[in-house]
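S.K.:
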DNA sequence: GTCTATACAGGGATAGAC
DNA sequence: GTCTATCCCTGTATAGAC
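Protein chains in written order, with this note's numbering: chain A, 743 to 955; chain B, 743 to 955.
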């Protein structure tokens with residue numbers, strides 16, 4: 743998929759377009775600064791008002807400069823999400839292998855990301871659902887496949903450990919796990935009185951085998 | 743909540759602004775025409791490209807004319823969703839009382855609505871999650887409360903009928919039901935290979951009491 | 001390589017003519 | 001009730017400074 747920052751530094755390809763920036767120190771820093779400020783501006787202003795001009799202003803640069811690093815506004819937003827996914831993946835790996843079913847904890851760590859990030863993701867998914875946004879659609883199709891795949895692994899481990907009802911089909915359950923987290927967080931984002939943690943705990947308990955008593 | 747068409751007809755308030763149309767035959771028809779065309783144009787063009795000008799063109803009026811009926815583009819889209827909700831509610835009532843847990847069927851009937859409508863809803867929810875869209879936010883907060891309330895009723899009936907695991911907390915389960923339908927349909931909209939019906943059936947089975955064998 | 005200045009087409013909102 | 005004209009804003013594109 744997208745190249746690592748470090749490997750991009752070594753390829754030494756000639757600069758052929760905006761998408762291939764990031765090879766030289768100043769550009770790398772600038773690019774990162776844009777990504778960082780974008781999420782800040784978005785959290786404050788929302789999707790529509792987070793214009794390239796607004797982001798540029800927050801950095802002290804003209805809006806045209808942003809296009810040296812990102813081909814379109816859409817690409818810029820997608821790259822923000824890609825980077826956050828990379829960070830989350832790295833953090834999860836540092837955390838070691840999961841101990842049993844632990845979806846509620848996953849959901850909590852999502853929530854601890856700024857709500858702004860979750861709202862941005864929601865906005866981009868909405869765009870991906872509409873005609874004519876193939877880039878976004880491809881990103882999210884792949885992302886959800888990856889999320890389901892991760893859920894499958896966890897469920898398989900749980901089944902082996904005997905903490906999952908043995909009659910549950912893994913594939914359907916994996917989609918269900920992701921759906922539950924998505925849906926609960928949407929309700930929570932709209933109305934903080936909704937207890938998404940309780941919902942997730944209930945869902946986990948439904949997956950567990952009946953108590954042997 | 744929002745007034746019924748019929749009751750609006752009787753109030754007899756003077757027309758004080760764009761939001762209060764719908765009292766006189768021509769206005770009623772025009773208003774309905776706008777709502778109908780909007781969803782058609784949206785399904786074809788998506789959120790961003792469904793401009794007031796594009797909708798006006800589809801009807802044969804200028805974009806400015808639309809504002810006699812809807813204060814803003816946002817209000818127009820919200821009204822489309824309100825009307826679809828009203829229709830769905832009426833259809834559900836005509837269907838009679840639900841027989842036990844039947845969430846999978848509900849989900850299927852959602853899906854049979856045009857995917858364009860579901861995408862529009864997703865776009866509007868995304869906006870509601872961002873700062874400065876209080877109208878949309880209020881609408882969806884209320885809508886989800888209403889959805890959860892409906893789910894609670896069904897779950898209570900199911901518990902009485904003995905088809906629901908008796909240890910399941912109703913409130914948390916209601917949020918979970920809605921979350922599951924939302925989340926599964928999102929995955930399905932992105933990628934039709936996802937079997938949301940199977941997911942919903944699995945979820946229903948998790949709610950059922952253990953087979954007495 | 002990085003950035004500014006500038007132009008363009010299109011958007012929502014709005015005022016006032018008819 | 002509907003129009004046209006206008007306002008300011010947007011993403012995108014290009015030319016050229018340094």
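The beta-carbon is built from N, C-alpha and C at its ideal position, and this holds for glycine as well.
Assuming the contact rule is C-beta atoms closer than 8 angstroms, residue 900 of chain B and residue 842 of chain B should be a hit. Round their C-beta distance to whole Å, please.
M.R.: Residue 900 of chain B sits at position 158 when you count from the first residue of the second chain. Residue 842 of chain B sits at position 100 when you count from the first residue of the second chain. Yes, they are in contact, since the Cβ atoms of residue 900 of chain B and residue 842 of chain B sit about 6 angstroms apart, within 8 angstroms.
S.K.: Who are the neighbours of residue 950 of chain B on chain A, taking C-beta pairs under 9 angstroms?
M.R.: Within the second chain, the letter at position 208 stands for residue 950 of chain B. Neighbours of residue 950 of chain B on chain A: none; closest Cβ ~10 angstroms, over 9 angstroms.
S.K.: For chain A, is any of its Cβ atoms less than 8 angstroms away from the one on residue 799 of chain B?
M.R.: Taking the first residue of the second chain as position 1, residue 799 of chain B is located at position 57. It does not: the Cβ of residue 799 of chain B has no partner Cβ on chain A nearer than 8 angstroms.
S.K.: One question on the structure: do residue 894 of chain B and residue 912 of chain B come within less than 8 angstroms of each other, judged by their Cβ atoms?
M.R.: As a position in the second chain, residue 894 of chain B is number 152, starting the count at 1. As a position in the second chain, residue 912 of chain B is number 170, starting the count at 1. Their beta carbons are under 8 angstroms apart, which means residue 894 of chain B touches residue 912 of chain B by this criterion.
S.K.: List, in order along the chain, the chain A residues whose C-beta lies closer than 8 angstroms to that of residue 933 of chain B?
M.R.: Here residue 933 of chain B refers to the residue found at position 191 when the second chain is read from its first residue. The contacting residues are 883, 886 and 887.
S.K.: Does the Cβ-Cβ distance between residue 818 of chain B and residue 856 of chain B come in under 8 angstroms?
M.R.: Looking up residue 818 of chain B in the second chain gives position 76. Looking up residue 856 of chain B in the second chain gives position 114. Result no, Cβ atoms of residue 818 of chain B and residue 856 of chain B do not sit closer than 8 angstroms.
S.K.: Using three-state DSSP, classify residue 874 of chain B as helix, strand or coil.
M.R.: For the purposes of this step, residue 874 of chain B is identified with residue 132 of the second chain, where counting begins at 1. Reduced to three states, the DSSP call for residue 874 of chain B is coil.
S.K.: Quick check: what's the CA-CA separation for residue 828 of chain B versus residue 814 of chain B?
M.R.: Working through the second chain from its first residue, we reach residue 828 of chain B at position 86. Working through the second chain from its first residue, we reach residue 814 of chain B at position 72. In a straight line, the C-alpha of residue 828 of chain B is about 21 angstroms away from that of residue 814 of chain B.
S.K.: Are the beta-carbon atoms belonging to residue 926 of chain B and residue 945 of chain A less than 8 angstroms from one another?
M.R.: Taking the first residue of the second chain as 1, we reach residue 926 of chain B at position 184. Taking the first residue of the first chain as 1, we reach residue 945 of chain A at position 203. Contact flag unset, no.
S.K.: In chain B, which residues lie less than 9 angstroms from residue 908 of chain A when you measure between Cβ atoms?
M.R.: As a working note, residue 908 of chain A is residue 166 in the first chain. Those within 9 angstroms of residue 908 of chain A in chain B number zero; the least Cβ separation is about 13 angstroms.
S.K.: Looking at the unbroken alpha helix (DSSP H) that takes in residue 928 of chain A, where does it start and where does it end?
M.R.: In the first chain, the residue the question calls residue 928 of chain A occupies position 186. Element bounds for residue 928 of chain A: 912–932.
S.K.: Establish whether the CB of residue 924 of chain B and some CB of chain A are separated by less than 8 angstroms.
M.R.: Counting from one through the second chain, the residue named residue 924 of chain B turns up at place 182. Yes - at least one Cβ of chain A is within 8 angstroms of the one on residue 924 of chain B.
S.K.: Name the residues in the segment 863–875 of chain B whose C-beta lies less than 8 angstroms from a C-beta of chain A; which are they?
M.R.: Listed in sequence order: 864, 865, 867, 868, 869, 870, 871, 872, 873, 874 and 875.
S.K.: At 7 angstroms on the CB atoms, spell out the chain B contacts of residue 945 of chain A, in chain order.
M.R.: Taking the first chain and counting its residues from 1, one reaches residue 945 of chain A at position 203. Going along chain B in sequence order, the residues near residue 945 of chain A (Cβ under 7 angstroms) are 918.
S.K.: So with CB distances below 9 angstroms, who are the chain A contacts of residue 814 of chain B?
M.R.: In the second chain, counting from the first residue as 1, residue 814 of chain B sits at position 72. Chain A residues near residue 814 of chain B: none, gap ~12 angstroms exceeds 9 angstroms.
S.K.: Can you give the Cα-Cα distance for residue 858 of chain A and residue 768 of chain B, rounded to whole angstroms?
M.R.: Within the first chain, residue 858 of chain A is the residue found at index 116, counting from 1. Within the second chain, residue 768 of chain B is the residue found at index 26, counting from 1. If I take the Cα positions, the gap works out to 44 angstroms.
S.K.: By a C-beta neighbour count over all protein chains shown, 10 Å radius and 16 as the cutoff for buried, is residue 795 of chain B buried or exposed?
M.R.: Start at 1 with the first residue of the second chain, and residue 795 of chain B comes out as number 53. Label assigned to residue 795 of chain B: exposed.
S.K.: Taking the alpha-carbon positions, what's the residue 872 of chain A to residue 854 of chain B distance?
M.R.: Taking the first residue of the first chain as position 1, residue 872 of chain A is located at position 130. Taking the first residue of the second chain as position 1, residue 854 of chain B is located at position 112. Whole-angstrom Cα-Cα distance: 17 angstroms.
S.K.: Report the rounded CA-to-CA distance for residue 821 of chain B versus residue 771 of chain B, giving the unit in angstroms.
M.R.: In the second chain, counting from the first residue as 1, residue 821 of chain B sits at position 79. In the second chain, counting from the first residue as 1, residue 771 of chain B sits at position 29. Between residue 821 of chain B and residue 771 of chain B, the C-alpha separation is close to 15 angstroms.
S.K.: For a quick check, are the C-beta atoms of residue 879 of chain B and residue 886 of chain A less than 8 angstroms apart?
M.R.: Indexing the second chain from 1 puts residue 879 of chain B at position 137. Indexing the first chain from 1 puts residue 886 of chain A at position 144. Contact flag unset, no.
S.K.: Can you name the start and end residues of the alpha helix (DSSP H) that residue 767 of chain B belongs to?
M.R.: For the purposes of this step, residue 767 of chain B is taken as the residue at position 25 of the second chain. Its alpha helix (DSSP H) spans residues 767–787.
S.K.: Where residue 932 of chain A and residue 938 of chain B are concerned, what is the direct C-alpha to C-alpha distance, given to the nearest angstrom?
M.R.: Taking the first chain and counting its residues from 1, the one referred to as residue 932 of chain A is at position 190. Taking the second chain and counting its residues from 1, the one referred to as residue 938 of chain B is at position 196. Looking at the two C-alpha atoms, the distance is approximately 24 angstroms.
S.K.: Should residue 842 of chain A be flagged as near chain B, meaning a C-beta pair shorter than 8 angstroms?
M.R.: As a position in the first chain, residue 842 of chain A is number 100, starting the count at 1. Judged by the 8 angstroms Cβ criterion, residue 842 of chain A is not in contact with chain B.
S.K.: When we look at the beta-carbon of residue 766 of chain A and count the other beta-carbons within 10 Å, is it buried (16 or more) or exposed?
M.R.: On the first chain, position 24 is the one that residue 766 of chain A refers to. The residue is exposed, with fewer than 16 neighbouring Cβ atoms inside 10 Å.
S.K.: Taking all protein chains shown into account, decide if residue 889 of chain B is buried (16 or more other Cβ within 10 angstroms of its Cβ) or exposed.
M.R.: Residue numbering aside, residue 889 of chain B sits at position 147 when the second chain is read from its first letter. Answer is buried; the Cβ neighbour count reaches 16.
S.K.: Chain B beta carbons: is any one of them nearer than 8 angstroms to that of residue 789 of chain A?
M.R.: Indexing the first chain from 1 puts residue 789 of chain A at position 47. Yes, its Cβ sits closer than 8 angstroms to a Cβ of chain B.
S.K.: Tell me whether the beta-carbon of residue 865 of chain A lies closer than 8 angstroms to the beta-carbon of residue 789 of chain A.
M.R.: By 1-based counting over the first chain, the position of residue 865 of chain A is 123. By 1-based counting over the first chain, the position of residue 789 of chain A is 47. For residue 865 of chain A and residue 789 of chain A, yes; Cβs fall inside 8 angstroms.
S.K.: Going along the chain, which unbroken runs of the alpha helix (DSSP H) with 4 or more residues stay wholly within the segment 798–853 of chain A?
M.R.: As far as the segment 798–853 of chain A is concerned, its whole alpha helix (DSSP H) runs of at least 4 residues are 805–808 and 815–836.
S.K.: Measure how close the beta-carbons of residue 868 of chain A and residue 882 of chain A come, nearest whole angstrom, since I'm counting them as under 8 angstroms.
M.R.: Here the question's residue 868 of chain A lines up with position 126 in the first chain. Here the question's residue 882 of chain A lines up with position 140 in the first chain. Actually they do not touch by this definition, with Cβ atoms about 10 angstroms apart.
S.K.: Contact defined as beta carbons within less than 8 angstroms: I believe residue 924 of chain B pairs with residue 924 of chain A. What is the distance between those atoms, to the nearest angstrom?
M.R.: Taking the first residue of the second chain as position 1, residue 924 of chain B is located at position 182. Taking the first residue of the first chain as position 1, residue 924 of chain A is located at position 182. So it is a contact: roughly 7 angstroms between Cβ atoms.
S.K.: From the DSSP output, in three-state form, read off residue 904 of chain A for me.
M.R.: Residue mapping note: residue 904 of chain A aligns to position 162 of the first chain, counting from 1. Residue 904 of chain A falls in the coil class under three-state DSSP.
S.K.: Do you know whose CA, among B/846, B/776, B/952 and B/934, lies nearest residue 941 of chain B's CA?
M.R.: Counting from 1 along the second chain, the entry for residue 941 of chain B is found at position 199. Of the candidates B/846, B/776, B/952 and B/934, the one whose C-alpha sits nearest the C-alpha of residue 941 of chain B is B/846.
S.K.: Measure the alpha-carbon distance for residue 752 of chain B versus residue 825 of chain B and round it to whole angstroms.
M.R.: Here the question's residue 752 of chain B lines up with position 10 in the second chain. Here the question's residue 825 of chain B lines up with position 83 in the second chain. For residue 752 of chain B, the predicted model reports a pLDDT of 39, less than 50, meaning its position is unreliable; a value from the coordinates is still stated below. Cα to Cα, the separation comes out at about 19 angstroms.
S.K.: Name the chain B residues that come within less than 8 angstroms of residue 941 of chain A, Cβ to Cβ?
M.R.: Reading the first chain from its first residue, position 199 is the one you call residue 941 of chain A. The contacting residues are 914, 917, 918 and 921.
S.K.: In three-state DSSP terms, what is residue 865 of chain B?
M.R.: Here the question's residue 865 of chain B lines up with position 123 in the second chain. In this structure, residue 865 of chain B counts as helix in the three-state DSSP scheme.
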